DNA sequence: TTTTAGCACTCTAACGGTTAGAGTGCTAAA
DNA sequence: TTTAGCACTCTAACCGTTAGAGTGCTAAAA
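Printed below as a string of structure tokens:
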């Protein structure tokens with residue numbers, strides 16, 4: 027589709043635009059990248075590239091700006107060449123892991139925080155869904171009054187806690203017995219599966235009219251009702267300060283703060299393997315066109331648990347972003363998996 | 027210091043400025059607030075107010091803008107009159123409480139979220155400090171490998187969890203025994219107190235060279251090491267969109283995102299009783315001058331646990347902000363206390 | 001003595017015209 | 001096929017001007 031020379035020029039334009047954030051002219055290209063071509067030749071080529079839809083002109087006498095199609099060609103071409111491992115980044119994330127072996131959710135929020143400060147864009151990570159996470163152990167204790175504290179630990183390293191109100195005077199021993207029952211019955215099952223089996227069982231038990239059991243069942247059900255974790259997002263404030271969005275800042279903020287949107291985006295983009303790059307108008311979420319997204323899945327062993335990524339302007343530094351995401355996803359995966 | 031008429035004009039100017047966010051002229055005042063005075067008279071009074079330092083002029087032929095001193099006079103005057111209970115707001119917060127009796131930290135984050143969407147400013151809440159919170163119960167379980175999960179519940183309704191690495195093969199029973207020991211020994215003590223007593227005890231036990239006990243002690247110490255919770259902050263993105271900060275947005279964001287600063291601010295402002303308003307240059311934190319803060323403590327019974335508040339531009343709507351904070355603090359306190 | 005009307009003065013923001021500069025497209029020569 | 005040259009176009013920046021808002025001052029009215 028593109029001969030080598032045209033591709034070279036296209037990449038030069040994109041590169042330069044990413045760096046300068048201003049329309050690039052033919053003379054600038056010849057100066058910056060020592061191609062043995064005169065501005066006039068470059069002009070001709072740029073006109074061709076514009077005809078083919080890779081570049082566009084804000085107005086007649088301005089330089090060229092890449093279109094989304096232009097970025098796409100640039101990224102694809104880069105992916106082919108750029109097989110450098112980028113170990114520089116992976117160290118940064120590894121470092122973090124040495125510190126504290128903790129709750130997966132704490133890890134996820136630490137990773138997004140670091141990813142956003144490094145990239146200066148927005149970092150996000152999807153939580154592990156209740157379909158994916160499996161029960162390692164559940165435990166109930168008596169708390170003040172009729173209340174109980176429920177603690178659920180999953181095999182992915184997620185810890186969830188909850189305070190449960192009950193109008194029945196269960197003793198600590200009762201709670202212990204309920205916990206034992208739940209553990210023996212449901213250990214290893216996915217949270218959603220447990221929930222539906224519970225509901226099924228409850229409708230059966232209802233027949234018995236045994237107050238103790240039905241109250242206990244109510245406690246169990248309550249203990250297992252956790253709302254899905256929120257998407258982890260970090261770096262919004264700094265991102266809004268970026269020159270790109272001086273005008274549309276508010277609008278962008280609204281779109282990104284809306285965690286439903288991000289979750290939806292992640293679902294649409296979930297690809298079991300490898301990094302994915304979505305550029306501007308390629309984004310399935312209309313509210314987020316004008317932004318680009320780089321995502322990669324994180325894993326426990328070879329089971330994909332969720333994904334983490336970066337959202338930036340279409341003119342983001344793709345190569346750096348991809349290296350970072352790759353390093354982060356690898357570090358995170360090995361941290362999760364490494365916990366035996 | 028100010029006669030009644032001058033005060034009235036001052037309040038009118040402030041009010042109008044808060045609403046319009048533009049310098050207010052003498053004619054506007056006479057039109058908007060049906061004082062029986064001509065613009066010329068108002069002009070004279072405004073000139074006096076400027077001499078006294080309550081108002082200022084951006085340039086000769088512009089209207090007046092309140093100084094921080096002007097806002098202060100306005101707020102003080104408002105506090106004297108405005109004894110309306112503002113039940114409208116308290117309902118909004120009460121509603122939230124009906125839903126789920128949960129972890130105090132979840133409550134705090136829910137309250138700040140709601141407070142920020144209502145006020146359109148930044149809402150924040152300080153976490154309960156480890157000096158204040160007292161142990162209700164601690165429990166350890168065996169998790170995969172040599173790891174254990176520690177769960178601490180405090181009497182304030184805070185639940186903390188942690189994964190602990192241990193290189194010794196404790197059984198579930200061992201962890202149970204360790205938990206029992208900790209509960210019997212430290213229940214009711216403040217977290218910081220426990221920590222220091224632990225360290226003391228460890229130096230004693232060291233003499234024994236009993237591996238089991240020293241390993242167990244290490245687990246205990248680890249289980250009690252929690253970093254202070256972060257300040258809860260909500261509403262930054264929307265706040266940055268406010269017209270006030272179109273230029274200084276980044277700068278503001280940095281100052282507010284710095285949680286140390288906010289914690290410091292809260293310490294400086296901690297007043298055991300009632301609402302406090304800090305206006306612009308009154309703020310002890312230099313980075314945050316140009317912003318105003320409204321804070322109130324939240325309580326368990328009559329013990330103050332921390333505070334929550336709003337940060338906004340100096341030209342914020344003080345009366346509304348104060349009503350909101352009051353309602354929020356009351357709702358929150360009763361939610362915490364109500365949990366028997 | 002206090003308030004008001006009138007007027008001259010000042011400053012800003014907006015408008016329109018001009019200009020320098022950057023970058024283009026086209027044509028003719030290499 | 002590439003390049004040099006040139007005319008052309010568009011923008012952003014820079015005035016100078018102007019309308020309007022608001023002031024301060026003075027002198028008259030209450």
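Residue numbers (my numbering), protein chains in the order written: chain B, 27 to 366; chain E, 27 to 366.
Glycine included, every Cβ here is placed at the ideal spot set by N, Cα and C.
None of these values were measured; they are calculated from a predicted model.
Just confirm the distance between the C-beta atoms of residue 370 (chain B) and residue 139 (chain B), as a whole number of angstroms; I'd bet it's less than 8 Å. Only positions 27 to 366 of chain B appear in this structure, which leaves residue 370 (chain B) out of reach.
What distance in whole Å lies between the Cβ atoms of residue 149 (chain E) and residue 421 (chain E), which are believed to be in contact at a cut-off of 8 Å? Outside the shown range of chain E, which is 27 to 366, sits residue 421 (chain E), and nothing can be said about it.
Interface residues of chain B facing residue 179 (chain E) [CB-CB closer than 8 Å]: 167, 169 and 175
Per DSSP, the bridge partner or partners of residue 178 (chain E): E:164 and E:186
Is it true that the CB of residue 147 (chain E) sits closer than 9 Å to the CB of residue 342 (chain E)? yes
Using a Cβ-Cβ distance under 9 Å, would residue 102 (chain E) count as near chain B? no
Can you find a CB in chain B that lies within less than 9 Å of the CB of residue 337 (chain E)? no
So residue 183 (chain B) packs on residue 268 (chain B), CB below 8 Å; how close in whole Å? Going by Cβ atoms, the distance from residue 183 (chain B) to residue 268 (chain B) rounds to 34 Å, so no, they are not a contact pair.
The beta strand (DSSP E) with residue 334 (chain E) in it runs from where to where? 329-339
Delimiting residues of the alpha helix (DSSP H) encompassing residue 137 (chain B): 130-145
Exposed or buried, residue 366 (chain B), counting other C-beta atoms within 10 Å across all chains shown (16 or more means buried)? Any answer about residue 366 (chain B) is weak, because its pLDDT of 43 lies below 50 and its placement is not dependable; what the coordinates show is given next. Classification of residue 366 (chain B): exposed, given that the 10 Å Cβ count is below 16.
Using a Cβ cut-off of 9 Å, which residues of the segment 181-201 of chain B contact any Cβ in chain E, in chain order? 181, 183, 185, 186, 187, 188, 189, 190 and 191
How would you label residue 48 (chain E), buried or exposed, when you count the other beta carbons within 10 angstroms and need 16 or more for buried? exposed
Near residue 292 (chain B), which residues of its chain fall below 6 Å by C-beta distance, leaving aside the five closest residues on each side in sequence? 152 and 333
Run through the DSSP bridge pairs and tell me what residue 317 (chain E) is partnered with. E:339
Could you work out which residues of chain E lie near residue 129 (chain B), taking near to mean beta carbons separated by less than 7 Å? 187 and 189
Quick one: using the 10 Å Cβ neighbour count with 16 as the cut-off for buried, is residue 200 (chain B) buried or exposed? buried
Spatial neighbours of residue 187 (chain B) within its chain, please: C-beta separation below 8 Å, excluding the five flanking residues on both sides. 175, 176, 177 and 178
Unbroken alpha helix (DSSP H) run spanning residue 204 (chain E), endpoints: 198-212
Using the Cα positions of residue 301 (chain B) and residue 213 (chain E), report the straight-line distance between them to the nearest angstrom. 50 Å
Considering only residues of the same chain and omitting the five flanking positions on each side of residue 31 (chain B), which have a CB-CB separation below 6 Å? none
Range of the contiguous alpha helix (DSSP H) that encloses residue 53 (chain E): 52-58
Check the Cβ of residue 279 (chain E) against every Cβ in chain B and list those closer than 8 Å, keeping chain order. 263, 264, 266 and 267
Quick test of your reading: residue 58 (chain B) and residue 80 (chain B), contact by CB under 8 Å. State the CB separation rounded to the nearest angstrom. About 18 Å separates the two Cβ atoms, so there is no contact after all.
At 4 residues or longer, what runs of the alpha helix (DSSP H) sit wholly inside the segment 220-300 of chain B? 237-250, 262-266, 275-283 and 285-295
Any beta-carbon of chain B closer than 9 Å to the one on residue 163 (chain E)? yes
Once you ignore the five residues that flank residue 68 (chain B) on each side, which residues in its own chain have a CB closer than 7 Å to its CB? 35, 52, 55 and 56
Assess, as a yes-or-no matter, whether the segment 240-253 of chain E is touched by the segment 192-211 of chain E under the definition of 3 or more beta carbon pairs within less than 8 Å. yes
Classify residue 81 (chain E) as helix, strand or coil using the three-state DSSP reduction. strand
Just by C-beta distance, which residues in the segment 204-222 of chain E are closer than 9 Å to chain B? none
Could you check whether the Cβ of residue 239 (chain B) sits closer than 9 Å to any Cβ belonging to chain E? no
Return the bridge partner residues of residue 92 (chain E) from the DSSP annotation. E:81
Less than 9 Å separating the beta-carbons of residue 311 (chain B) and residue 290 (chain B)? yes
Distance between beta carbons of residue 43 (chain E) and residue 84 (chain E), contact taken as under 8 Å: With a Cβ gap of about 12 Å, residue 84 (chain E) and residue 43 (chain E) do not count as contacting.
According to a CB-to-CB cut-off of less than 7 Å, which residues of the segment 283-306 of chain B neighbour chain E? 283
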